[in-house]
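Single-structure report; data block below.
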Amino acid sequence: METKYIFITGGVVSSLGKGIIAASLAKLLKARGLRVTIQKFDPYINIDPGTLNPYEHGECYVTEDGAETDLDLGHYERFLGVYTSKANNVTTGKIYNTVINREREGAYLGKTVQIVPHITDEIKRRMLLLGQTGEYDVVLTEIGGTVGDMESLPFIEAVRQLQWELPDDTCMSIHLTLVPYLSAAKELKTKPTQHSVQMLQQAGVQPDVIICRTEHPLSDELRRKVALFCNVKPGHVIQSIDAWSIYQVPLNMHEEHLDELVVRKLRIENFNQPELSGLKSFLDRLRKPEREVDIALVGKYVSLQDAYKSILEALVHAGAANLCKVKVHSIQSEDITAANVAEKLKGMNGILVAPGFGERGLEGKILAVKYAREKGVPFFGICLGMQMCVVEFARNVLGLKGAISAEVNPEAEHKVIDMMEEQKKTTMKGGTMRLGAYDCEITQGTLAYSIYGKKKISERHRHRYEFNAAYTEQFTKAGMVISGHNPDTGLAEIVELPSHPFFIGVQFHPEYKSTPENPHPLFLHFVAAAIK
Ligand code: GLN
5 METKYIFITG GVVSSLGKGI IAASLAKLLK ARGLRVTIQK FDPYINIDPG
55 TLNPYEHGEC YVTEDGAETD LDLGHYERFL GVYTSKANNV TTGKIYNTVI
105 NREREGAYLG KTVQIVPHIT DEIKRRMLLL GQTGEYDVVL TEIGGTVGDM
155 ESLPFIEAVR QLQWELPDDT CMSIHLTLVP YLSAAKELKT KPTQHSVQML
205 QQAGVQPDVI ICRTEHPLSD ELRRKVALFC NVKPGHVIQS IDAWSIYQVP
255 LNMHEEHLDE LVVRKLRIEN FNQPELSGLK SFLDRLRKPE REVDIALVGK
305 YVSLQDAYKS ILEALVHAGA ANLCKVKVHS IQSEDITAAN VAEKLKGMNG
355 ILVAPGFGER GLEGKILAVK YAREKGVPFF GICLGMQMCV VEFARNVLGL
405 KGAISAEVNP EAEHKVIDMM EEQKKTTMKG GTMRLGAYDC EITQGTLAYS
455 IYGKKKISER HRHRYEFNAA YTEQFTKAGM VISGHNPDTG LAEIVELPSH
505 PFFIGVQFHP EYKSTPENPH PLFLHFVAAA IK
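Per the working numbering, the very first residue in the sequence shown carries number 5; after that it's consecutive.
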């Protein structure tokens, strides 16, 4: 079968959940037995979101091959259970970088380099790239941003050209909009949708399907109205009503016949009903928790939901598997002081100290670790969270006064967390951390071994600093076990305290690999420990 391309744009407002819709459609097509991948094209000029503050753009998601990407790729992987890669996230920065480098090499000698055709050609080349590997039947492309943004114009133009170039049944376009409800008028309003589609049409793109985000069901009359004014077939206006869980959205989209409509439009000979039993049984467990636990998430970006997206999702997956509702209490680490730490963490069944960068809020994280260690509360430290449990142990158990990470004070006497050798040579900030999947060897008889149930694992990384091996002996003697090592470099990857009911810190990011149908064992056991 020739590869089919589906383009998904959004209009009216941002944060409509385009990524969830794209992932849901991809999930349905995959569940019909098709080979599917999704990619995201982001209109910002950063080469990747690795240099963006999570407050700007939410979490930075890391792929197996070490790409720092948009958080929507996390949704793609969680919904599909298929890994993405560097090729699945393209930004305006990457496009321009390629074109400008090519210009310097002389590839366009004599020509004026322009947005059309040079930038749009490069966008199109990347849009088709995954499809040309022969590995996929369908490639979904989500265009970031909102139609009408100045930045997204070249991407929309590229979609227009591809729709014009490719055979009719090879490519289609889906537009997601908002149908707001005016409570004063007790009415759903379609005008913003009409305007958004008009803007898309002005750019030359006629959507085949319109998906309307709404808080109330759309009547047939209203659907017909949208269809007529937006020039799509009746029946091609689909409602996406607010769902109780994002994992319910694929089922809602199936009920609206989205997948059926897509295979018909793209003339994909596929009469399978999607096989969704795994997802359904996950949702059943999620719907009927038998108990509840309170987990503190201690971090500095807590005021933005999206900043710890993968961690929050991993807790949902682990909760469902444990038939337990995980109530996450986001605690701003900057607000934690020695005087209020007990008050802030009172009643918590588990404490998770989050990843992060820089000095702000660090002392609060250290206090939270101390509380968890001394009070025997299940503790889980991820990346910076692991580093801070090492610092806490150094200060309060080993008595190493002022112990800290070199990230905060490169001149400190006890840099128990230090910069990795390979990092000392790098001066550039973008894409230069220790990134992506690395093997880790687990010592038998440890907590980590009982959690993973095997010796060899692989997890994804994103950090510049590491446990300082010069202190290994002191730590080990005092009872902190280094239970996971990188087999090639010897870097410490997992630390734990056998004297504690559940205390584990990991240098990597297990949250990236948790999915509803395959919850991550570390999260699973952390929640189980919290239940106990
Ligand atoms: N800032 C720390 C480092 O670079 C931790 C990074 C993280 O938590 N992702 O090593």
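Positions of the beta carbon are idealized from the N, C-alpha and C atoms, including for glycine.
Practice task
Compute the beta-carbon to beta-carbon distance between arginine 466 and methionine 423, rounded to the nearest angstrom, for a pair I have assumed lies under 8 Å.
Solution key: Wrong, their Cβ atoms sit about 15 Å apart, outside the cutoff.
Practice task
Take phenylalanine 233 and list the residues in its own chain whose beta-carbon comes closer than 6 Å to its own, dropping the five residues that flank it on each side.
Solution key: Gln198
Handout entry: Inter-residue Cα distance where the pair is proline 514 and alanine 111
Key = 43 Å
Handout entry: Residues near leucine 144 in its chain [Cβ-Cβ closer than 6 Å; skip 5 each side]
Key = Ile10, Ala26, Ala30, Ile42
Problem - Chain-order list of residues whose beta-carbon lies under 7 Å from that of lysine 460 (same chain, five-residue window excluded) - result: Asp443, Glu445
Problem - Nearest-angstrom Cα separation, counted from glutamate 396 out to lysine 374 - result: 6 Å
Practice task
Let me know the secondary structure DSSP gives histidine 489 once reduced to three states.
Solution key: strand
Practice task
Return the CA-CA distance between threonine 431 and threonine 95, expressed in angstroms with no decimal places.
Solution key: 23 Å
Exercise for the section: Quick one: using the 10 Å Cβ neighbour count with 16 as the cut-off for buried, is glutamate 225 buried or exposed? Expected result: exposed
Exercise for the section: Evaluate the contact criterion for the segment 379-399 versus the segment 347-359: three or more CB pairs, one atom per stretch, below 8 Å. Expected result: yes
Exercise for the section: Spatial neighbours of alanine 247 within its chain, please: CB distance less than 7 Å, with the 5 preceding and 5 following residues excluded, ordered by chain position. Expected result: Val253, Asn256
Practice task
Report back the beta-carbon spacing between glycine 70 and lysine 313 to the nearest angstrom; my notes put them in contact at under 8 Å.
Solution key: Contact doesn't hold; Cβ gap of about 19 Å is too wide.
Exercise for the section: State the beta-bridge partners of asparagine 472 as determined by DSSP. Expected result: Looking at the DSSP assignment, asparagine 472 forms no beta bridge with any residue, so it has no partner.
Problem - Alpha carbon of isoleucine 508 to alpha carbon of alanine 532, nearest angstrom - result: 14 Å
Handout entry: phenylalanine 361 beta carbon near ligand 1 (any heavy atom closer than 7 Å)
Key = yes
Exercise for the section: Note the first and the last residue of the continuous beta strand (DSSP E) segment covering alanine 441. Expected result: 438-446
Exercise for the section: Would you mind sorting isoleucine 104 into buried or exposed? The rule is 16 or more other CB atoms within 10 Å of its CB. Expected result: exposed
Practice task
Would you check if there are 3 or more beta carbon pairs closer than 8 Å linking the segment 35-54 to the segment 81-94?
Solution key: yes
Exercise for the section: Measuring alpha carbon to alpha carbon, tell me which of Leu222, Phe159, Lys190 ends up nearest glycine 97. Expected result: Phe159
Handout entry: Environment of valine 117 [buried if 16+ CB atoms lie within 10 Å]
Key = exposed
Problem - Element boundaries [alpha helix (DSSP H), containing serine 244] - result: Serine 244 -> not in any alpha helix (DSSP H); beta strand (DSSP E) instead, spanning 241-245.
Exercise for the section: On the DSSP bridge assignment, give the partners of aspartate 298 in chain order. Expected result: Lys331
Exercise for the section: Leaving aside the five residues before and after leucine 265 along the sequence, list all residues of the same chain whose C-beta is less than 7 Å from its C-beta, in chain order. Expected result: Val213, His240
Exercise for the section: Let me know the secondary structure DSSP gives tyrosine 9 once reduced to three states. Expected result: strand
Handout entry: Delimiting residues of the alpha helix (DSSP H) encompassing glutamine 205
Key = 195-206
Practice task
Could you give the DSSP three-state label for cysteine 393: helix, strand or coil?
Solution key: helix
Practice task
Name, in chain order, the residues that DSSP records as bridge partners for phenylalanine 507.
Solution key: Phe383
Handout entry: Residue of Gly138, Lys429, Val86 minimising C-alpha distance to methionine 5
Key = Gly138
Exercise for the section: Quick one: grab the DSSP three-state call for lysine 429. Expected result: coil
Practice task
Would you give the residue range spanned by the alpha helix (DSSP H) that cysteine 2 belongs to?
Solution key: Because residue 2 is not part of the residues shown, which for the chain are 5 to 536, the question remains open.
Problem - Inter-residue spacing [alpha-carbon to alpha-carbon] between leucine 349 and valine 151 - result: 44 Å
Handout entry: threonine 137, DSSP secondary structure in three states
Key = helix
Practice task
Could you tell me the boundaries of the alpha helix (DSSP H) in which glycine 282 lies?
Solution key: 281-291
Problem - Minimum C-alpha distance to isoleucine 421 - residue among Lys229, Leu319, Ser409, Gly208 - result: Ser409
Exercise for the section: Let me know the secondary structure DSSP gives serine 462 once reduced to three states. Expected result: strand
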